[in-house]
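Peer 1: Chains as they are written, first to last, in our numbering: chain A, 15 to 128; chain B, -5 to 112. Each residue gets a CB set at the ideal place from its N, CA and C atoms; glycine is no exception. Quick one: this structure, given as structure tokens, is what I'll be asking you about.
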């Protein structure tokens, strides 16, 4: 079953708040990803975890802090965000093999920063 | 560096007709993967189809087929017998091989908005 779940579906937060986005997959995948997507634009990669280790950090500001507690879970901790951080945040997972690993996406969290 | 280009920002297609979405790419890697995703207004990115650079045959998945022309570096998506539910944004994407530091990065095109009309 190709399913990645994300909570919450929607989040409104102030610039001084601390919140977390959660992502879970039960497909036995060992790579997990966070993307940020603005309206009418393609997703932008933020972080990649491979075997629970951070393998790619696309120069994301430190107010975004990823965490991978185990192979099924991926969190994104948010602190002191800016209004321009309002976006759709997508989580994805895939196998870790050769070229051609399909990334399966969750439904996303729509974040609004006031 | 990899690059994906989708030149059609939007298109209208009538129900039951076929539609071709264009995608061209550029890479110096001999091994790469090409993907198409569908994103309805709900936001979820839905995987449609995959083509590997060494695959001899064009990929097909139900009503979706990928017209892969390696020499021209194009990977067009063909949707046959369009349905109203096909209305969505469609993204072409390329994945890098594990032998590079870029493994895990999906390079996306700008997307094509498809509207299917009755």
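#1: Along the segment 93 to 105 of chain B, where does the CB come closer than 7 angstroms to a CB of chain A? Name the residues.
#2: Apart from the five residues just before and just after residue 25(A), which ones in its own chain have a Cβ nearer than 8 angstroms to its Cβ?
#3: Which of the three DSSP states is assigned to residue 79(B) in this structure?
#4: When you compare the CB of residue 45(A) with every CB in chain B, is at least one pair closer than 8 angstroms?
#5: Fully enclosed by the segment 27 to 95 of chain B, which alpha helix (DSSP H) runs are 4 residues long or longer?
#6: Taking the alpha carbon of residue 26(B) as the point to measure from, which residue in 68(B), 54(B), 35(B) and 1(B) has its own alpha carbon closest?
#7: Do you know offhand how far residue 42(A)'s Cα is from residue 85(A)'s?
#8: When you compare the CB positions of residue 15(B) and residue 70(B), do they come within less than 8 angstroms of one another, or not?
#9: Checking the sheet assignment: what are the DSSP bridge partners for residue 106(B)?
#10: Going by DSSP, name the residue or residues bridged to residue 20(B).
#11: For my contact list, residue 82(B) and residue 108(B) are in at a C-beta cut-off of 8 angstroms; report their separation, rounded to the angstrom.
#12: Which whole-angstrom value describes the C-beta separation of residue 51(A) and residue 104(A), a residue pair presumed to lie in contact below a C-beta threshold of 8 angstroms?
#13: Can we say the segment 26 to 46 of chain B touches the segment 5 to 12 of chain B, given the rule of at least three CB pairs closer than 8 angstroms?
#14: Name the two residues that bound the continuous beta strand (DSSP E) containing residue 81(A).
#15: Spell out whether any CB of chain A is found under 8 angstroms from the CB atom of residue 9(B).
#16: Apart from the five residues just before and just after residue -3(B), which ones in its own chain have a Cβ nearer than 6 angstroms to its Cβ?
#17: So is residue 107(A) buried or exposed if we call it buried at 16+ other beta carbons inside 10 Å?
Peer 2: This is what the structure gives:
#1: 98, 99, 100, 102, 103, 104 and 105
#2: 33, 35, 123, 124, 125 and 126
#3: helix
#4: yes
#5: none
#6: 68(B)
#7: 8 angstroms
#8: yes
#9: 84(B)
#10: -3(B)
#11: 6 angstroms
#12: 6 angstroms
#13: no
#14: 78 to 84
#15: no
#16: 20
#17: buried
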